[in-house]
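Numbering (the working numbering), first residue to last: 452 to 799. Scroll down for the structure; my scribbles are underneath it.
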């Protein structure tokens, strides 16, 4: 069944009430399709965030943008938009905050006395190569700063736009300063258009894995999230495809719908897949103790029940079948000095 009322190119089909707001504004339904993306310049005092979550491996992350145009209804970052006074629904996709001063802030961070370098995740919240990056090029400038200072960075994105910056990524890789993680939750293009409507196509993502690998840039793939009843039949197919394309490792997560992600996703699944919406929601509940979300450290990663165990077993088989003997390199901090001295600037 197909719902003709779904707004194409968007994950959120409407705004949801901001948990922290006293008032809410909800346009008429017909207004939603005419909502244009707006870019709002913000001026943060810092750009690098220390990651304190007990079950996450990185020490630092940074995000040049807040909000994301990619339109994934399940995005865990949606509730962070509420701290800025916006909705986790359509606002998250259409009101994009831009941190133009991010490269300068990063350089100051590197120059801090006593800073001990550790690889930084770019980005840990919203996508650093979302469509806005074509216009603002903040991510490109951040990578140039990392190259200038010989500081390691892990790039995480859903967008093949990362290939634009091969001229910076290649010399970084030669010094073991960069890796790229591409998010590929499905290689079914019809499903991809609905799950993540404004990301790169599955074909282009696989091509990006291939091109990056050919240029000796280490590639990891995040097969995430796994949504039972939607893409849970794909892991082995995806793992073979990404291994053949040159990926050196992979990770995966089970979908969890915390806070205001839940109403956005529920509305989306009901509109996009009305024939199986309740089945999918019930399968998610079976992995989350009867709920749709989970916030407890470690439990949020592994889930529970037969469906979760089946998914874990499938990835275990895929790891042995397609990734045995492959090893993902650890990035180097040995050449970082907190200065650009003795490092020629390779690019203007």
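A virtual CB, placed ideally from N, CA and C, is assigned to each residue, including glycine.
> Using DSSP with H/G/I as helix, E/B as strand and the rest coil, what is residue 769?
Replying inline: The count along the chain shown starts at 1 and reaches residue 769 at position 318. Residue state, collapsed to three classes: helix.
>> Can you tell me whether residue 561 is buried or exposed? The criterion is at least 16 other CB atoms within 10 Å of its CB, across all chains shown.
In response: The count along the chain shown starts at 1 and reaches residue 561 at position 110. With 16 or more other Cβ atoms within 10 Å, it is buried.
> Nearest-angstrom Cα distance between residue 480 and residue 743?
Replying inline: Sequence index remark: in the chain shown, residue 480 carries index 29 (1-based). Sequence index remark: in the chain shown, residue 743 carries index 292 (1-based). Its pLDDT being 49, under 50, residue 480 is placed unreliably in this model, and the coordinates cannot settle the point.
> Going straight from the alpha carbon of residue 598 to that of residue 557, what length do you get?
Replying inline: The residue given as residue 598 occupies position 147 in the chain shown. The residue given as residue 557 occupies position 106 in the chain shown. Here the alpha carbon of residue 598 sits roughly 12 angstroms from the alpha carbon of residue 557.
> For residue 452, does the count of other Cβ atoms within 10 angstroms reach 16, so buried, or fall short, so exposed?
Replying inline: For the purposes of this step, residue 452 is taken as residue 1 along the chain shown, with counting starting at 1. Reliability fails at residue 452, whose pLDDT of 41 lies under 50, so the model's placement of it is uncertain and the value that follows must be treated cautiously. Here residue 452 is exposed, its C-beta having fewer than 16 other C-beta atoms within 10 Å.
>> Check for me: the beta strand (DSSP E) holding residue 555 runs from which residue to which?
In response: Position 104 of the chain shown, counted from the start, is the residue given in the question as residue 555. Note, residue 555: premise wrong, no beta strand (DSSP E); alpha helix (DSSP H) at 553–561.
>> Please identify the residue among 636, 628 and 593 whose C-alpha is closest to the C-alpha of residue 610.
In response: Counted from its first residue, the chain shown places residue 610 at position 159. Closest in alpha carbon position to residue 610, among 636, 628 and 593, is 636.
>> Measuring straight from C-alpha to C-alpha, what distance separates residue 584 and residue 492?
In response: As a first step, residue 584 must be located in the chain shown, where it is residue number 133. As a first step, residue 492 must be located in the chain shown, where it is residue number 41. Each residue's Cα considered, the two are about 13 angstroms apart.
> Assuming residue 672 and residue 698 make a contact with CB atoms under 8 angstroms, what is their CB distance in whole Å?
Replying inline: On the chain shown, residue 672 is found 221 positions in, with the first residue counted as 1. On the chain shown, residue 698 is found 247 positions in, with the first residue counted as 1. Indeed, because the Cβ distance is near 5 angstroms, the residues count as touching under 8 angstroms.
>> For the beta strand (DSSP E) containing residue 800, name the first residue and the last one.
In response: In the structure as shown, the chain begins at 452 and stops at 799. Residue 800 is therefore absent and cannot be evaluated.
> In terms of residues, what are the limits of the beta strand (DSSP E) holding residue 513?
Replying inline: Counting from 1 along the chain shown, the entry for residue 513 is found at position 62. It spans 511–513 - the beta strand (DSSP E) in which residue 513 sits, taken as one unbroken run.
> For the candidate residues 723, 731, 782 and 754, whose alpha-carbon lies nearest to that of residue 668?
Replying inline: The residue labelled residue 668 in the question sits at position 217 within the chain shown. The residue with the shortest Cα to Cα distance from residue 668 is 782.
>> For residue 554, count the other beta carbons within 10 Å of its own beta carbon; 16 or more makes it buried, fewer makes it exposed. Which is it?
In response: Taking the first residue of the chain shown as 1, we reach residue 554 at position 103. By the neighbour-count criterion, in which a residue is buried when 16 or more other Cβ atoms sit within 10 angstroms of its Cβ, residue 554 is buried.
> Whose C-alpha, out of 624, 685 and 612, is nearest the C-alpha of residue 650?
Replying inline: For the purposes of this step, residue 650 is taken as residue 199 along the chain shown, with counting starting at 1. Of 624, 685 and 612, the smallest CA-CA separation from residue 650 is found for 612.
>> I believe residue 674 touches residue 716 by the beta-carbon criterion, under 8 angstroms. Please report the beta-carbon distance rounded to the nearest angstrom.
In response: On the chain shown, residue 674 is found 223 positions in, with the first residue counted as 1. On the chain shown, residue 716 is found 265 positions in, with the first residue counted as 1. Contact doesn't hold; Cβ gap of about 18 angstroms is too wide.
> Where do the N-terminal and C-terminal ends of the beta strand (DSSP E) with residue 777 fall, by residue?
Replying inline: Taking the chain shown and counting its residues from 1, one reaches residue 777 at position 326. Per DSSP, residue 777 belongs to no beta strand (DSSP E) and is neither H nor E.
>> Going by DSSP in three states, residue 593 sits in which element: helix, strand or coil?
In response: The residue given as residue 593 occupies position 142 in the chain shown. Residue state, collapsed to three classes: helix.
> Quick one, which of 546, 575 and 531 has its alpha-carbon nearest residue 511's?
Replying inline: For this step, residue 511 is matched to residue 60 along the chain shown. Comparing C-alpha distances from residue 511 to each of 546, 575 and 531 shows the shortest one belongs to 575.
> Which value, in whole angstroms, describes the spacing of the CA atoms of residue 771 and residue 627?
Replying inline: What you label residue 771 is simply residue 320 of the chain shown in a count that begins at 1. What you label residue 627 is simply residue 176 of the chain shown in a count that begins at 1. When rounded, the distance between both Cα atoms is 26 angstroms.
> To the nearest angstrom, how far is it from the Cα of residue 521 to the Cα of residue 548?
Replying inline: The residue labelled residue 521 in the question sits at position 70 within the chain shown. The residue labelled residue 548 in the question sits at position 97 within the chain shown. A straight-line Cα-Cα distance of about 14 angstroms links residue 521 and residue 548.
> Per DSSP, residue 491 forms a beta bridge with which residues?
Replying inline: For the purposes of this step, residue 491 is taken as residue 40 along the chain shown, with counting starting at 1. DSSP output for residue 491 lists 548 as bridge partner(s).
> Can you tell me the Cα-Cα spacing of residue 489 and residue 545, whole angstroms?
Replying inline: Numbered from its first residue, the chain shown carries residue 489 at position 38. Numbered from its first residue, the chain shown carries residue 545 at position 94. Cα-Cα distance, rounded: 6 angstroms.
> Hey, would you say residue 608 sits closer than 9 angstroms to residue 517, going by beta carbons?
Replying inline: Position 157 of the chain shown, counted from the first residue, corresponds to residue 608. Position 66 of the chain shown, counted from the first residue, corresponds to residue 517. Between residue 608 and residue 517, the C-beta spacing is not below 9 angstroms.
>> Counting beta carbon pairs with one atom in the stretch 733–742 and one in the stretch 675–693, are three or more of them shorter than 8 angstroms?
In response: Three or more Cβ pairs closer than 8 angstroms define a contact, and the stretch 675–693 meets that threshold against the stretch 733–742.
> For residue 768, does the count of other Cβ atoms within 10 angstroms reach 16, so buried, or fall short, so exposed?
Replying inline: Counting from 1 along the chain shown, the entry for residue 768 is found at position 317. Only exposed fits residue 768, as fewer than 16 other CB atoms lie within 10 angstroms of its CB.
> Is the Cβ-Cβ distance between residue 495 and residue 593 less than 9 angstroms?
Replying inline: As a position in the chain shown, residue 495 is number 44, starting the count at 1. As a position in the chain shown, residue 593 is number 142, starting the count at 1. No, the Cβ-Cβ distance between residue 495 and residue 593 is not below 9 angstroms.
> So what does DSSP say about residue 675, is it helix, strand or coil?
Replying inline: Against the chain shown, residue 675 aligns to sequence position 224. Judged by DSSP in its simplified three-state form, residue 675 adopts strand.
>> For the alpha helix (DSSP H) containing residue 699, name the first residue and the last one.
In response: As a working note, residue 699 is residue 248 in the chain shown. Taken as a continuous stretch (DSSP letters only), residue 699 belongs to no alpha helix (DSSP H), as it is neither H nor E.
>> residue 727 and residue 707 - do their beta-carbons sit closer together than 9 angstroms?
In response: Stepping through the chain shown from its first residue, residue 707 is reached at position 256. Stepping through the chain shown from its first residue, residue 727 is reached at position 276. Result no, Cβ atoms of residue 707 and residue 727 do not sit closer than 9 angstroms.
> Are the Cβ atoms of residue 579 and residue 543 separated by less than 9 angstroms?
Replying inline: Numbered from 1 along the chain shown, position 128 holds the residue referred to as residue 579. Numbered from 1 along the chain shown, position 92 holds the residue referred to as residue 543. Taking 9 angstroms as the cut-off, the beta carbon of residue 579 is found no closer than this to the beta carbon of residue 543.
>> What residue range does the alpha helix (DSSP H) around residue 731 cover?
In response: For the purposes of this step, residue 731 is taken as the residue at position 280 of the chain shown. 728–738 is the extent of the alpha helix (DSSP H) around residue 731.
> Which class does residue 614 belong to by DSSP, given the choice of helix, strand or coil?
Replying inline: If you number the chain shown from 1, residue 614 lands on position 163. Helix.
>> Taking the alpha-carbon of residue 696 as reference, which of 758, 633, 526 and 685 has the nearest alpha-carbon?
In response: Counting from one through the chain shown, the residue named residue 696 turns up at place 245. Each of 758, 633, 526 and 685 was checked against the Cα of residue 696, and the nearest Cα belongs to 633.
>> Counting C-beta neighbours from all protein chains within 10 Å, is the total for residue 757 16 or more, i.e. buried, or is it exposed?
In response: Start at 1 with the first residue of the chain shown, and residue 757 comes out as number 306. Counting Cβ neighbours within 10 Å, residue 757 comes out exposed, since fewer than 16 surround it.
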